[in-house]
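*Asks:* Under our numbering, read the sequence shown as residues 1 to 339, first letter to last. Even for Gly, the Cβ is constructed at its ideal location relative to N, Cα and C.
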Amino acid sequence: MANPTMTTDQFLLSQHRRARTRGSFDSYAVLEAGQRLGSPLLCSSHATDIGESKPIYSCLALILLFNLPRELQVMVLSHLSFGDIERLRRTCRFTRQRIPKSLVYQLFPDMAVAFYSTCYVCLDHDASGNSIVAARKDHPRRPMANRCVRCVAQSNSFMVGRQYLLASRRIAWLCRWCGYPVVGESARNQPEFHVECWLRYERSSRLYAVVGVVQWLMAIACSGICLEMFKDEARISAPAALAIIGCWLPPLCALRGRMDRSSSPANRVVDLALVLVVLNMMMRAVNVAGNVILYLEYMWWRRRKPNNHWLEKLVHYLTFFLVLWTYPKSIEIEHPLWF
1 MANPTMTTDQ FLLSQHRRAR TRGSFDSYAV LEAGQRLGSP LLCSSHATDI
51 GESKPIYSCL ALILLFNLPR ELQVMVLSHL SFGDIERLRR TCRFTRQRIP
101 KSLVYQLFPD MAVAFYSTCY VCLDHDASGN SIVAARKDHP RRPMANRCVR
151 CVAQSNSFMV GRQYLLASRR IAWLCRWCGY PVVGESARNQ PEFHVECWLR
201 YERSSRLYAV VGVVQWLMAI ACSGICLEMF KDEARISAPA ALAIIGCWLP
251 PLCALRGRMD RSSSPANRVV DLALVLVVLN MMMRAVNVAG NVILYLEYMW
301 WRRRKPNNHW LEKLVHYLTF FLVLWTYPKS IEIEHPLWF
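1) Look at the alpha carbon of residue 77 and the alpha carbon of residue 118, and state the distance between them as a whole number of angstroms.
2) Could you tell me the alpha carbon to alpha carbon distance between residue 313 and residue 304, rounded to whole angstroms?
3) DSSP state of residue 132, grouped into three classes?
4) So residue 88 and residue 130 are in contact, right, with Cβ under 8 angstroms, and what is the actual spacing, rounded?
5) For residue 177, which of helix, strand or coil comes out of DSSP?
6) For residue 103, which option in 125, 331, 74 has the closest C-alpha, if you only look at C-alpha atoms?
7) Taking the alpha-carbon positions, what's the residue 114 to residue 107 distance?
8) Give me whichever residues DSSP pairs with residue 194 in a beta bridge.
9) Taking the C-alpha atoms as reference points, what is the distance between residue 145 and residue 308?
10) Residue 253 by DSSP, collapsed to three states: which one?
11) Apart from the five residues on each side of it in sequence, which residues of its chain come closer than 8 angstroms, Cβ to Cβ, to residue 330?
12) For residue 125, does the three-state DSSP call read helix, strand or coil?
13) What residue range does the beta strand (DSSP E) around residue 164 cover?
14) Here's the rule I'm using: 16 or more other beta-carbon atoms within 10 Å means buried, otherwise exposed. How should residue 225 be labelled?
15) Measure the CB-CB distance between residue 133 and residue 152 and report whether it falls below 8 angstroms.
16) Please classify residue 24 as buried or exposed, where buried requires at least 16 other C-beta atoms within 10 Å of its C-beta.
17) Between which residues of its own chain and residue 121 is the CB-CB distance below 8 angstroms, once the five residues before and five after are set aside?
18) Please name the residue in 327, 163, 216 whose C-alpha comes closest to that of residue 287.
19) What is the rounded straight-line gap between the Cα of residue 33 and the Cα of residue 63?
20) What residues match up with residue 147 in a beta bridge as DSSP calls it?
21) Leaving out five residues on either side along the sequence, give the residues of the same chain with a beta carbon under 6 angstroms from the beta carbon of residue 316.
22) DSSP has residue 172 in a bridge; who is on the other side?
23) Between the Cα of residue 127 and the Cα atoms of 84, 208, 268, 182, which residue gives the shortest distance?
24) Assuming residue 112 and residue 69 form a contact by the criterion Cβ under 8 angstroms, report the distance between their Cβ atoms to the nearest whole angstrom.
25) What are the partner residues of residue 363, as DSSP defines its beta bridges?
26) Since residue 193 and residue 177 should fall inside the 8 angstroms C-beta cutoff, what is the C-beta to C-beta distance between them, to a whole number of angstroms?
27) From residue 340 to residue 211, what distance separates their C-alpha atoms?
28) Enumerate in chain order the residues of its own chain whose CB-to-CB distance from residue 141 is below 8 angstroms, with the five nearest sequence positions on each side excluded.
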């Protein structure tokens, strides 16, 4: 039984505290609106001390909304999208009763369009439909079965090399660089890349070519120095036929020993050869790691998945760097790979 001395605002506020509502209204806007309407609960000096959490302010916002005449309520709700109204109806039982289905059908005469342009996961609405991925015709949640691109990316459902039907009835390729549908302008003769993503891909390809030339020049210079200094030693030339990395290990040990024993000016050549050997070994090791990642069919387009932990993002970007270092053209290859 309610206390007869309680005001209407206080009674509704106590009821909403028990209901544990989950709204998303701005608390400061609620306080300002309450002061303009003259609500005694919101105009008091203790209004900011009543529950420092969002549920309390959501209750106050609902009080202001549903204390208005019914015509004004309909006018306010008509400025909201279908997703916003559905989110408001899911707040609590009180709002679901005050916004019945009949009112929703009155606000949205064409419910098929409202369903088709709203994400059923996060309830985001896009009137253009370019950010909503259409579901299959046999989806069990139809007619409200579409999802926005963020929710599809969050569920790891995107796959490069495929086309996706959007709510705007457009068919878009998935960008091979960023992993999102190419809705706007695509690169010239490259429908699977955004313009900016294609420019970034071209820059990475040019950088890969420059780094490759530098690696070969270093390998040639280092090989020439080592062959000149150790051309009569079989223990240097024999392992060279086994592996690229293994051919640098014996010269590295021999150069280190000669540098310790000798103090002649030739040490500069030895130091240069030692530096080149170490750099070549490091580059070959990075290349081997990149080839292992390519063999495991790493899905690089998922690095921009929303709500990733910062550590997961760091691992994704390091792995993507290894892919670009090893073979950036792998971005254009069909995925998954079929050998």
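*Replies:* Based on what the coordinates show:
1) Start at 1 with the first residue of the sequence shown, and residue 77 comes out as number 77. Start at 1 with the first residue of the sequence shown, and residue 118 comes out as number 118. Inter-residue distance for residue 77 and residue 118 is about 17 angstroms (C-alpha atoms, whole angstroms).
2) Sequence index remark: in the sequence shown, residue 313 carries index 313 (1-based). Sequence index remark: in the sequence shown, residue 304 carries index 304 (1-based). Cα to Cα, residue 313 sits roughly 8 angstroms from residue 304.
3) Counting from 1 along the sequence shown, the entry for residue 132 is found at position 132. In the three-state scheme derived from DSSP, where H, G and I count as helix and E and B as strand, residue 132 is classed as strand.
4) Taking the first residue of the sequence shown as 1, we reach residue 88 at position 88. Taking the first residue of the sequence shown as 1, we reach residue 130 at position 130. In fact, because the Cβ distance is near 25 angstroms, the residues do not count as touching under 8 angstroms.
5) Indexing the sequence shown from 1 puts residue 177 at position 177. The answer is coil: DSSP assigns residue 177 none of H, G, I, E or B.
6) Residue mapping note: residue 103 aligns to position 103 of the sequence shown, counting from 1. Measuring C-alpha to C-alpha distances from residue 103 to each of 125, 331, 74 identifies 74 as the nearest.
7) By 1-based counting over the sequence shown, the position of residue 114 is 114. By 1-based counting over the sequence shown, the position of residue 107 is 107. In this structure, the alpha-carbon of residue 114 lies about 11 angstroms from that of residue 107.
8) Locating residue 194 in the sequence shown gives position 194, where the first residue counts as 1. DSSP lists 186 as partners of residue 194.
9) Numbered from 1 along the sequence shown, position 145 holds the residue referred to as residue 145. Numbered from 1 along the sequence shown, position 308 holds the residue referred to as residue 308. Taking the straight line joining both Cα atoms gives about 24 angstroms.
10) Counting from one through the sequence shown, the residue named residue 253 turns up at place 253. Residue 253: helix per DSSP, three-state reduction.
11) Taking the sequence shown and counting its residues from 1, one reaches residue 330 at position 330. Taking residue 330 as the centre and dropping the five residues before and after it, the same chain places the C-beta of 294, 323 closer than 8 angstroms to its C-beta, in chain order.
12) Taking the first residue of the sequence shown as position 1, residue 125 is located at position 125. Looking at residue 125 - three-state DSSP - the assignment turns out to be strand.
13) On the sequence shown, position 164 is the one that residue 164 refers to. Segment 163 to 165, the beta strand (DSSP E) holding residue 164.
14) Reading the sequence shown from its first residue, position 225 is the one you call residue 225. Classification for residue 225: buried.
15) To locate residue 133, count along the sequence shown from 1; it is residue 133. To locate residue 152, count along the sequence shown from 1; it is residue 152. In contact: residue 133 and residue 152 (Cβ atoms closer than 8 angstroms).
16) Taking the first residue of the sequence shown as 1, we reach residue 24 at position 24. Any reading at residue 24 needs caution, since the residue's pLDDT is 40, under 50, leaving its predicted position unreliable; the model's value is listed next. Residue 24 comes out exposed.
17) As a position in the sequence shown, residue 121 is number 121, starting the count at 1. Same-chain partners within the cutoff: 147, 148, 151.
18) Along the sequence shown, one-based indexing puts residue 287 at 287. Of the listed residues, the one whose Cα sits closest to residue 287 is 327.
19) Here residue 33 corresponds to residue number 33 of the sequence shown, with the count starting at 1. Here residue 63 corresponds to residue number 63 of the sequence shown, with the count starting at 1. Confidence in residue 33 is poor, its pLDDT being 44 and thus under 50, which makes the residue's placement unreliable; the coordinate value appears in the next sentence. Answer to the nearest angstrom: the Cα atoms are 11 angstroms apart.
20) On the sequence shown, residue 147 is found 147 positions in, with the first residue counted as 1. As a beta-bridge residue in DSSP terms, residue 147 pairs with 133.
21) On the sequence shown, position 316 is the one that residue 316 refers to. Residues 303 of the same chain have their beta carbon placed closer than 6 angstroms to that of residue 316, with the five preceding and five following residues left out of the count.
22) Taking the sequence shown and counting its residues from 1, the one referred to as residue 172 is at position 172. When DSSP reads this structure, residue 172 sits in a beta bridge with 164.
23) Counting from one through the sequence shown, the residue named residue 127 turns up at place 127. Nearest to residue 127 by alpha-carbon distance, out of 84, 208, 268, 182, is 84.
24) Looking up residue 112 in the sequence shown gives position 112. Looking up residue 69 in the sequence shown gives position 69. That pair is no contact at about 31 angstroms.
25) A query on residue 363 cannot be resolved here, the shown segment of the chain reaching from 1 to 339 and no further.
26) Reading the sequence shown from its first residue, position 193 is the one you call residue 193. Reading the sequence shown from its first residue, position 177 is the one you call residue 177. Right, their Cβ atoms sit about 6 angstroms apart.
27) In this structure the chain extends from 1 to 339, so residue 340 is not present and cannot be described.
28) Sequence index remark: in the sequence shown, residue 141 carries index 141 (1-based). Answer for residue 141: 120, 135, listed in chain order.
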